[in-house]
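**Student:** Submitted below is the structure of interest, expressed as structure tokens.
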Amino acid sequence: MDFYLATLIQGLCFSAIALGIYISMKIFNIPDITTDGSYTLGGVIAAKLLMAHQPVYIVLPAVIAAGAAAGALTGFIHTKLKINALLAGILVMYALYSVNLTIMGRSNIPLINVSTLFSLINFASDPNKNTFFVLIAFVAIIALLIGYLLKTDFGIAMRATGNSESMIRALGVNTDRMKIIGLALANALTALSGYLITQFQSFADINMGIGIVITGLGSVIIAEALVNWFRITSVWFTLTLVLSGAIIFQFVIAVTLSIGVSPTLLKLVTAVFVLLIVGLPRLSFKNSS
Amino acid sequence: MIELRQVHKVFNRGKANQVNAVNGVNLSIVEKEFLVIVGSNGSGKTTLLNLVAGSILPSSGHISINETGVTKLPEFKRSEWIARVFQNPLSGTAPDLSIIDNFRLAAIRTQPKGLTIGVNPKFKSQVKDKIASLGMGLENKTEQLMGTLSGGQRQALTLLMSVMDNCKVLLLDEPTAALDPRSAEIVMKTAERLIDEFELTAILVTHNLKDAFTYGNRIIQMAEGKIIKDFDGKEKSALKQNDLFDWFA
């Protein structure tokens with residue numbers, strides 16, 4: 001398959017997780033590690049239901065609901081039991097491993113002879129090009145929905161919750177509830193990425209989510225660097241950059257592999273890359289001041 | 290309007306560092322009263338304000354606002370009546386949101402935050418008119434992030450935000466403590482104008498005795514969690530500024 005097209009498709013599949021991490025990390029200021037578990041959960045539920053030949057209007061809501069439930073659980077543990085958000089996420093992620101394994105019944109489910117989201121509609125005769133067009137449409141719809149949500153009164157309250165909690169409580173918002181909804185939304189998006197990737201690679205695996213949070217983080221951090229660089233305040237532009245961040249991140253990894261770096265070193269290289277994007281702007285600020 | 294009966298607030302009960310921050314306070318504030326609370330550090334005045342706001346709940350006693358018992362009601366539910374300006378200009382606004390988004394939230398303080406877009410052209414022009422009344426030249430910067438403004442500008446906007454929605458009680462928690470004298474004066478003048486215009490019941494906690502002397506129509510002094518002086522409007526206007534200084538001698 002065309003190298004660039006495959007990378008682009010992966011980037012689009014991961015743009016949902018990037019939006020999810022953007023919501024939990026940038027909007028709510030919560031480091032949410034549930035991601036690894038809810039991503040696999042999305043993939044696992046998709047695989048299981050697709051193998052049972054369930055139609056898309058059953059699979060898609062099921063994936064979203066499962067991801068949302070995982071996120072809401074983390075949110076509940078964090079806000080109602082007053083447990084550190086990081087720990088709450090780790091606990092739920094850890095527990096989800098068993099849940100995922102139980103749902104699957106084995107560690108890997110290949111998707112054979114099933115019709116996926118990508119074979120549902122035909123934009124192009126080449127299956128990969130078709131996948132690409134379906135993804136473009138899918139991601140555009142998600143981004144539009146999230147963008148609209150953030151512009152509404154509810155969305156403004158959401159953005160303010162992570163920004164100035166004392167203010168938003170004085171303005172009559174139940175911040176606990178808001179955080180639970182936010183984490184549910186973030187993890188529903190993450191599960192969507194698992195759903196997309198599973199169909200793209202034609203299998204779900206119990207280990208598919210390990211370290212996936214870095215993909216979301218990397219994408220958001222790239223986007224953040226660009227947002228700060230160009231001093232962007234528009235919600236729409238920021239979301240577009242988050243989506244681009246997901247694609248850029250996949251390209252960096254793909255290029256790294258294609259220039260001959262051993263796949264064994266991939267996670268190390270990825271970590272260094274993320275560190276560089278975070279660290280470089282700070283280093284240069286230090287020199288100039 | 291606001292009733293406190295036998296209100297106690299104890300921090301760290303039973304421990305060596307137990308603090309009886311508010312110690313059996315009875316206080317009744319009538320409608321349109323502008324109450325000033327003075328007292329030295331640790332006298333319990335900010336705790337008292339927090340008890341009214343609901344950001345802390347009393348250890349014992351009874352609090353009611355507008356003839357509704359609110360003793361156990363959390364802060365976000367009291368926002369139906371109460372708007373609040375914090376000591377720290379950063380606490381009353383969301384720095385990473387635009388001015389207009391901040392105002393939108395304030396405008397729907399007592400209403401559910403729904404899934405419709407409320408920042409429409411009509412709302413924008415309404416906000417611009419209000420901001421223009423401050424005379425700070427901020428009316429054309431409504432898309433700017435709140436965090437880019439100075440403390441004085443933010444505090445003045447916070448005041449305006451508090452009357453965007455139906456508001457009965459305005460709590461001012463040392464609103465000018467972090468401001469330079471000029472900004473402080475603008476903020477206090479704005480507060481007085483809004484309290485007057487919207488017929489609000491207001492509580493001002495302050496260390497600034499000049500403000501305590503200038504503003505309000507009732508003044509109380511607190512010490513060790515109790516009210517030790519209480520002067521109504523007539524008595525307050527008979528006071529001289531130096532009398533206030535003597536209270537702290």
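As you go down the protein sequences, you meet chains A and B in turn. Each residue of the first sequence is one higher than the last, beginning at 1 in this note's numbering. Each residue of the second sequence is one higher than the last, beginning at 290 in this note's numbering. Glycine is no exception: its CB is placed at the ideal position from the N, C-alpha and C atoms.
(1) DSSP beta-bridge partners for B:ILE291?
(2) First and last residue of the alpha helix (DSSP H) that includes B:MET425?
(3) Tell whether a beta-carbon distance below 8 Å holds between B:ILE326 and B:LYS334.
(4) With distances taken Cα to Cα, identify the nearest neighbour of A:ALA16 among A:PRO31, A:PHE28, A:THR35, A:TYR4.
(5) With three or more beta-carbon pairs closer than 8 Å as the criterion, would you say the region 355–371 of chain B touches the region 183–190 of chain A?
(6) Using beta carbons (cut-off 8 Å, strictly below), is B:LYS457 in contact with chain A?
(7) Between the alpha carbons of A:ILE259 and A:MET208, how many angstroms are there, rounded?
(8) Please identify the residue among B:GLY381, B:HIS351, B:PRO470, B:GLY313 whose C-alpha is closest to the C-alpha of B:LEU446.
(9) Would you mind reading off the limits of the beta strand (DSSP E) that contains B:GLY328?
(10) Sort A:PRO31, A:ILE210, A:PHE200 by Cα distance to A:VAL134 and report the nearest one.
(11) Can you give me the Cβ contacts of B:SER317 inside the same chain, cut-off strictly under 8 Å, excluding the 5 residues immediately before and after it?
(12) Alpha carbon to alpha carbon, what distance is there between A:VAL139 and A:GLY172?
(13) Using a C-beta cutoff of 8 Å, does A:ALA186 count as contacting chain B?
(14) Bridge partners of A:HIS78, per DSSP?
(15) Determine, for A:SER289, whether the minimum Cβ-Cβ distance to residues of chain B falls below 8 Å.
(16) So which residues of chain A does B:SER387 contact, with C-beta pairs closer than 9 Å?
(17) How about B:GLU513 and B:SER387: do their beta carbons lie closer than 8 Å?
(18) Name the residue from A:ILE64, A:TYR94, A:LEU5 whose alpha carbon lies nearest to the alpha carbon of A:ILE210.
(19) Within 10 angstroms of its Cβ, does A:GLN10 collect 16 or more other Cβ (buried), or is it exposed?
(20) Using the Cβ count rule (16 or more neighbours within 10 Å means buried), how would you classify B:LEU461?
(21) Considering only DSSP beta bridges, list what B:ASN309 is partnered with.
(22) Which runs of the alpha helix (DSSP H) at least 4 residues long sit entirely within the region 497–535 of chain B? Give them in chain order.
(23) With B:ASN312 and B:HIS297 assumed to form a contact (beta carbons below 8 Å), what rounded beta-carbon distance in angstroms separates them?
(24) Identify the contact partners of B:LYS402 in chain A, using a Cβ-Cβ distance below 7 Å as the criterion.
(25) Please decide whether A:ALA70 counts as near chain B, where near means a Cβ-Cβ distance under 8 Å.
(26) If contact means a Cβ-Cβ distance below 9 Å, which residues of the region 187–216 of chain A contact chain B?
(27) From A:PHE76, A:THR116, A:ILE33, A:PRO31, pick the residue whose C-alpha is nearest to that of A:HIS53; which is it?
(28) If you follow the beta strand (DSSP E) that A:PHE203 is in, where does it begin and where does it stop?
(29) Going by the DSSP bridge assignment, what does A:SER193 pair with across the sheet?
(30) For A:PRO281, does the three-state DSSP call read helix, strand or coil?
(31) Going by other Cβ atoms of all chains shown within 10 Å of its Cβ, with 16 needed for buried, is B:ASN339 buried or exposed?
(32) Just checking: is the beta-carbon of A:ARG282 within a distance shorter than 8 Å of some beta-carbon in chain B?
(33) For B:GLU524, which of B:GLY440, B:ASP535, B:ARG507 has the nearest alpha-carbon?
(34) Quick check: what's the CA-CA separation for A:PHE14 versus B:ILE406?
(35) Below 9 Å between beta carbons is the criterion; list the residues of the region 44–75 of chain A that meet it against any residue of chain B, in chain order.
(36) If A:GLY245 sits next to A:SER219, beta carbons under 8 Å apart, how far is it from one beta carbon to the other, in whole angstroms?
**Tutor:** By the coordinates alone:
(1) B:ILE318, B:ILE354
(2) Here B:MET425 belongs to no alpha helix (DSSP H), and DSSP marks it neither H nor E.
(3) yes
(4) A:THR35
(5) no
(6) no
(7) 24 Å
(8) B:GLY381
(9) 323–328
(10) A:PHE200
(11) ILE291, GLU292, LEU293
(12) 33 Å
(13) no
(14) For A:HIS78, which the question treats as bridged, DSSP gives no partner whatsoever.
(15) Because A:SER289 sits at a pLDDT of 43, beneath the cut-off of 50, its placement in the model cannot be relied upon, and the following sentence gives the value as read from the coordinates. Chain B, which has no Cβ nearer than 8 Å to the Cβ of A:SER289, makes this no.
(16) THR233
(17) no
(18) A:TYR94
(19) buried
(20) buried
(21) B:VAL299
(22) 498–503, 522–527
(23) 6 Å
(24) ASP153, PHE154, ALA157, VAL173
(25) no
(26) none
(27) A:THR116
(28) 203–205
(29) Paired residue(s): none; A:SER193 is not in a bridge.
(30) helix
(31) buried
(32) no
(33) B:ARG507
(34) 28 Å
(35) none
(36) 4 Å
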